[in-house]
Amino acid sequence: MTDNNAIVATSAERSEPVHDAVRGHDRDFLAALLILFLLALAPFILNLAGQDFWLDVLLRAMILGIAAASLNLLIGLSGLVSLGHAVFLGIGAYSVGILADMDITNGAIQLAVAVTLSGLYAFVTGLIALRTRGVHFIMITLAFAQIIYFIMVGLRQFGGDDGLTINFTSTFGDRIDLGQKPVLYYVVLGVLALVLLSFSRIIKSDFGLLLKAAKGSERRVMAIGFDPFRYRLAAYVAAGAVCGLAGFLDANFTSFVTPESMSWTNSAELIFIIIVGGLGTVSGPILGALIFLLLEEFLGGLTTYWHFWFGLFLIAVVVLAKGGLAGLLNGRGART
Amino acid sequence: MSLALEIRNLQKHFGGLHATRNLSMEIPRGELHAIIGPNGAGKTTLLTQLSGELRPSSGSVFVNGRDVTKAPPHKRAALGVARSFQITTLVKDMTVGENVILALIANSGHAYRFWNRYDRNAGLWRAASEAITRAGMAPNLLHRRVADLSHGEQRLLELAIALARDPAILLLDEPMAGLGSEESRAMTRLLGSLRGRRTILLVEHDMEAVFELADRITVLVRGEVVAVGTPGEIRRNEEVREAYLGEEA
Amino acid sequence: MNTVLLINQLLNGVQLGLILFLLAAGLSLVFGIMDFINLAHGVSYMIGAYVCATIAIATNSFILGMIAAIPATLVLGFAMEWLIARHFYKRDHLDQVLATFGLVLCADSAVKYIWGPRGLSVPLPAWLSGQIEVLGVTLPSYRLFIVAAAAAVAIGLWLVITQTRAGMMVRASASNEEMARALGIETRWVFALVFAIGATLAGIAGIMVAPISGASIGMGSQIVILALVVIIIGGIGSIGGAFIAALGVGLIDTLGRAYLPTILAAVFSPAVASSAGPSLASILIYLTMTFVLIFKPSGLFPPANR
Chain A
1 MTDNNAIVAT SAERSEPVHD AVRGHDRDFL AALLILFLLA LAPFILNLAG
51 QDFWLDVLLR AMILGIAAAS LNLLIGLSGL VSLGHAVFLG IGAYSVGILA
101 DMDITNGAIQ LAVAVTLSGL YAFVTGLIAL RTRGVHFIMI TLAFAQIIYF
151 IMVGLRQFGG DDGLTINFTS TFGDRIDLGQ KPVLYYVVLG VLALVLLSFS
201 RIIKSDFGLL LKAAKGSERR VMAIGFDPFR YRLAAYVAAG AVCGLAGFLD
251 ANFTSFVTPE SMSWTNSAEL IFIIIVGGLG TVSGPILGAL IFLLLEEFLG
301 GLTTYWHFWF GLFLIAVVVL AKGGLAGLLN GRGART
Chain B
337 MSLALEIRNL QKHFGGLHAT RNLSMEIPRG ELHAIIGPNG AGKTTLLTQL
387 SGELRPSSGS VFVNGRDVTK APPHKRAALG VARSFQITTL VKDMTVGENV
437 ILALIANSGH AYRFWNRYDR NAGLWRAASE AITRAGMAPN LLHRRVADLS
487 HGEQRLLELA IALARDPAIL LLDEPMAGLG SEESRAMTRL LGSLRGRRTI
537 LLVEHDMEAV FELADRITVL VRGEVVAVGT PGEIRRNEEV REAYLGEEA
Chain C
586 MNTVLLINQL LNGVQLGLIL FLLAAGLSLV FGIMDFINLA HGVSYMIGAY
636 VCATIAIATN SFILGMIAAI PATLVLGFAM EWLIARHFYK RDHLDQVLAT
686 FGLVLCADSA VKYIWGPRGL SVPLPAWLSG QIEVLGVTLP SYRLFIVAAA
736 AAVAIGLWLV ITQTRAGMMV RASASNEEMA RALGIETRWV FALVFAIGAT
786 LAGIAGIMVA PISGASIGMG SQIVILALVV IIIGGIGSIG GAFIAALGVG
836 LIDTLGRAYL PTILAAVFSP AVASSAGPSL ASILIYLTMT FVLIFKPSGL
886 FPPANR
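Residue numbers (our numbering), protein chains in the order written: chain A, 1 to 336; chain B, 337 to 585; chain C, 586 to 891.
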């Protein structure tokens, strides 16, 4: 009970500006909860309205949201701008595709391989990439993505350039088959909820505080006695593994994987998603993914030249909304 | 008498420029040792070699008898070396409390805690509040963003963070720089209160403070030791008067 | 090993290297001076190729196409600087990456709208499309033309930067903007000029490759990545470093493509070798960059003032 009293005492000491920031965080968290709740209801509502097509859009948004949330740990929290994050989507998806090609459809095995390979690749490349800074980091993450991209282009037995069609979806025992849309939908929603919850905890944990501090002042963190490299590597591996998981889910959703999914433009789209949703926020990745796909559907339906308007929108977002849409909703600059 | 800090034949050159020349020093535990010298004497360069951010060209550094010449800053910090910076390296977009809490977390040895809530740990905030109070800051600054602090407050926070690590050896890089006279006096009082309890290496331009605080003083000119002695001895040293103090006065 | 083939491949490698240098020079100057990472640098490469192709097809003269396309990319460079780039010089790299990525999307769509989704090919005049015999080796004359023209541009650029007052102003602005302003140099104009000249150099590169590989959508976003790799290897802001790195990357890529399948065939089955060879060659470049960064984190020849 004494602990509780102390909490009251400390929050009473808080001065006004921080009060706003704290509320901003809570509002961000509530926004994430609300979106998850609506996503849980969506299948019923869309079914009643006879708009089942939109279910696919939501599924894609959620999968991209998971991938974007993992990138948010790097860019939003740690200030590590990776332009090769889509490679982990590809590693996850090819794990499913290649195993399915070998008639291994056991979801547990596929999942383990997808996550382990992604984490391993993140570990090995992170050891090198995290020794560089700024634009060098941007370029070396891109290079590591291009390497896997060209390997998959070259492996013609797995489709090469044309990509690999996945004929069998992942199964967990007799009951769970990710080939069934409703099952996949709620599995993806569950994973998304877990990832967003974890992110909201991490940003308020010792680990998150350290990453944030290392972004702001690396010298300070070292003078205090931490080696920022190790913590960044941990974050990099975690982000890679989670994005590999998103790739695993994506393979089950699209039943298809191409090297193109790892191209740098896909990585740039992931960055767009977290910027438009709000860098470093909990709700940002899913909000950004929803906006991205709605834009694609909406603009894509209007004109074949939708990329033009999308490009303009992107520039406008960077110029105008520094904290992304979540920042506007929360009434604060999320980028701080 | 055991040595907290020992420097043997330290050399550092950047191309043709010698920033540190064959420098040796012995600082016993508990001493407040000041380093003075004109601009460009290599005081800050020496300090960064002691904190581990800069690797010397040759020579060695011992902390409590252990050779740390090749140890990076975070390893030295773990051995009880803390430093404050001349140009502040505080995390500007975090609050005062968060900056201090980071140092308190370091005391636990690591930050691989992914699921705890530092912001709700009342004990941690209380300790942070005590740490800034000890450094002479008002407790109501705890939740202020560092970017919104005055220059003087930032200097105090630098010290509060260094002290929060409970270091055996404190390296201070011009803690008085840019402070008003009132603030300088407060800082002098604060450093005086630490005397004897920690080993302190103080680089400072404020001669009044240096001569009041220091047990011993080393005079550095162009990377070389010109004189070492008690404040009284340094004051009487003709060479120092000519080379340095004379100009200042 | 066939010597004639080897010489031809070396020529191709040098040609790719010089094209990469024309792209990398502008990219490196813009990054070194304005601290601006420009993913849209390939846009003027693509537009250069398209304008040249259009005019060349309409007038049946490649030279007229060239003459029209060079000022077009210069104007494009000024426009991009004025409309987009200058607002992002002081922003962080993340914003620059996103904004210029947006610009790439816009440009690719605009090209698709104007010229259609299919690419254009450029006819060469007879005197450039034949073969020339040099010291007993038959070489395609257009490749020689590219090498000569690109080398001339490279030397010209080097002379301008090192020998002229304008070049001095650029270097002053690069090393110290405040100081340059105090000396009465209008850095805003220097920036605009550097950006536009960089875009023109990229445009010239696009014009030169147009007769070989045609003008196509997305050609810019592919090659800009290679040009970025070049400036990272060479050291950002260093023109000399970019030159050496560009030639190195051009040779590694071309020779890798030509000979890796043969080398692989000695170990693996021919099918594997022919499919894995070219992609391995592409990987080689990225591996080279990785190794350079492991041992030289700022690239091979980082400028002294950075």
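No residue lacks a Cβ here, since even glycine has one placed at the ideal position from N, Cα and C.
Nothing here was measured: the structure is a model prediction, and the numbers come from that model.
{"Asked": "Can you check the region 812-873 of chain C for any beta strand (DSSP E) of at least 3 residues that lies completely inside it and give the ranges in chain order?", "Found": "none"}
{"Asked": "Please work out which residues of its chain come closer than 8 Å, Cβ to Cβ, to A/I104, disregarding the five sequence neighbours upstream and downstream, and give them in chain order.", "Found": "Q110"}
{"Asked": "Tell me where the alpha helix (DSSP H) around C/M619 begins and ends.", "Found": "588-619"}
{"Asked": "When the Cα atoms are used, what is the spatial distance from A/L294 to A/V124?", "Found": "36 Å"}
{"Asked": "Compare the C-beta of A/A334 against all C-beta atoms of chain C and say whether one is closer than 8 Å.", "Found": "Any reading at A/A334 needs caution, since the residue's pLDDT is 38, under 50, leaving its predicted position unreliable; the model's value is listed next. Taking Cβ atoms only, chain C never reaches closer than 8 Å to A/A334, which makes this a no."}
{"Asked": "With a threshold of 16 other CB atoms inside 10 Å of the CB of A/Q180, please say whether the residue is buried or exposed.", "Found": "exposed"}
{"Asked": "Let me confirm a value: A/L127 is counted as buried when at least 16 other C-beta atoms fall within 10 Å, else exposed. Which label applies?", "Found": "exposed"}
{"Asked": "Mind checking which residues open and close the alpha helix (DSSP H) that includes A/L245?", "Found": "228-254"}
{"Asked": "Kindly provide the ranges of any beta strand (DSSP E) runs that are 3 or more residues long and lie completely inside the region 410-441 of chain B, ordered along the chain.", "Found": "417-420"}
{"Asked": "For C/A858, which residues in the same chain have their Cβ closer than 7 Å to its Cβ, ignoring the five residues on either side in sequence?", "Found": "P846, L849, A850"}
{"Asked": "Looking only at its chain, what residues have a beta carbon closer than 8 Å to the beta carbon of B/G376, apart from the 5 residues adjacent to it on each side?", "Found": "R558"}
{"Asked": "Hey, does A/Y305 have any beta-carbon neighbour from chain C nearer than 8 Å?", "Found": "yes"}
{"Asked": "Applying a beta-carbon distance threshold of less than 7 Å, which residues of chain A neighbour B/N345?", "Found": "The contacting residues do not exist; B/N345 stays about 25 Å from chain A at best."}
{"Asked": "Does the distance from the C-beta atom of A/V282 to that of A/F199 stay below 8 Å?", "Found": "yes"}
{"Asked": "C/G791 and C/L885 - do their beta-carbons sit closer together than 8 Å?", "Found": "no"}
{"Asked": "Measure how close the beta-carbons of A/I148 and A/V87 come, nearest whole angstrom, since I'm counting them as under 8 Å.", "Found": "5 Å"}
{"Asked": "Could you give the first and the last residue of the continuous alpha helix (DSSP H) run that contains B/K379?", "Found": "379-387"}
{"Asked": "In angstroms with no decimal places, state the Cα-to-Cα distance between C/A777 and C/Q716.", "Found": "41 Å"}
{"Asked": "Helix or strand or just coil, what does DSSP make of C/V719?", "Found": "strand"}
{"Asked": "Entirely within the region 172-231 of chain A and at least 3 residues each: give me those beta strand (DSSP E) ranges in chain order.", "Found": "none"}
{"Asked": "Compare the beta carbon distance of A/L142 and A/G84 with 8 Å and say whether it is the shorter of the two.", "Found": "yes"}
{"Asked": "Mind listing which residues of the region 212-229 of chain A have their C-beta closer than 8 Å to chain B's C-betas, in chain order?", "Found": "K212, A213, G216, S217, R219, R220, V221, M222, A223, I224, G225, F226, D227"}
{"Asked": "Is C/F880 helix, strand or coil by DSSP?", "Found": "helix"}
{"Asked": "Anyone know if the C-beta pair for B/L556 and B/G401 falls short of 8 Å?", "Found": "no"}
{"Asked": "Quick check on the DSSP output: the alpha helix (DSSP H) that includes A/T105 runs from which residue to which?", "Found": "Run containing A/T105: none; DSSP gives neither H nor E here."}
{"Asked": "Could you compute how far the alpha carbon of A/I315 sits from the alpha carbon of A/G288?", "Found": "15 Å"}
{"Asked": "Could you list which residues in chain C have their beta carbon closer than 8 Å to that of A/Y180, in chain order?", "Found": "Checking the sequence, you will find Gln at residue 180 of chain A rather than Tyr. Under the 8 Å cutoff, chain C gives no residues; its nearest Cβ is about 36 Å from A/Q180."}
{"Asked": "If you measure beta-carbon to beta-carbon, which residues of the region 828-860 of chain C are closer than 7 Å to chain A?", "Found": "S860"}
{"Asked": "Assign C/F880 to one of two classes, buried (16 or more other C-beta atoms within 10 Å of its C-beta) or exposed (fewer than that).", "Found": "exposed"}
{"Asked": "Rounding to the nearest angstrom, what Cα-Cα distance links C/I829 and B/L382 in this structure?", "Found": "39 Å"}
{"Asked": "Which whole-angstrom value describes the C-beta separation of B/D551 and B/E367, a residue pair presumed to lie in contact below a C-beta threshold of 8 Å?", "Found": "5 Å"}
{"Asked": "Closest Cβ-Cβ distance between A/Y231 and chain B: below 8 Å?", "Found": "yes"}
{"Asked": "If A/S261 sits next to A/I166, beta carbons under 8 Å apart, how far is it from one beta carbon to the other, in whole angstroms?", "Found": "13 Å between Cβ atoms; not a contact."}
{"Asked": "What residue does the alpha helix (DSSP H) around A/L272 start on, and which one ends it?", "Found": "Residue identity differs from the one stated: residue 272 of chain A is Phe in this sequence, not Leu. From DSSP, the alpha helix (DSSP H) with A/F272 extends over 264-277."}
{"Asked": "Pull up the DSSP beta-bridge partners for B/P374, would you.", "Found": "Beta-bridge pairing links B/P374 to no other residue."}
{"Asked": "By a C-beta neighbour count over all protein chains shown, 10 Å radius and 16 as the cutoff for buried, is A/F272 buried or exposed?", "Found": "buried"}
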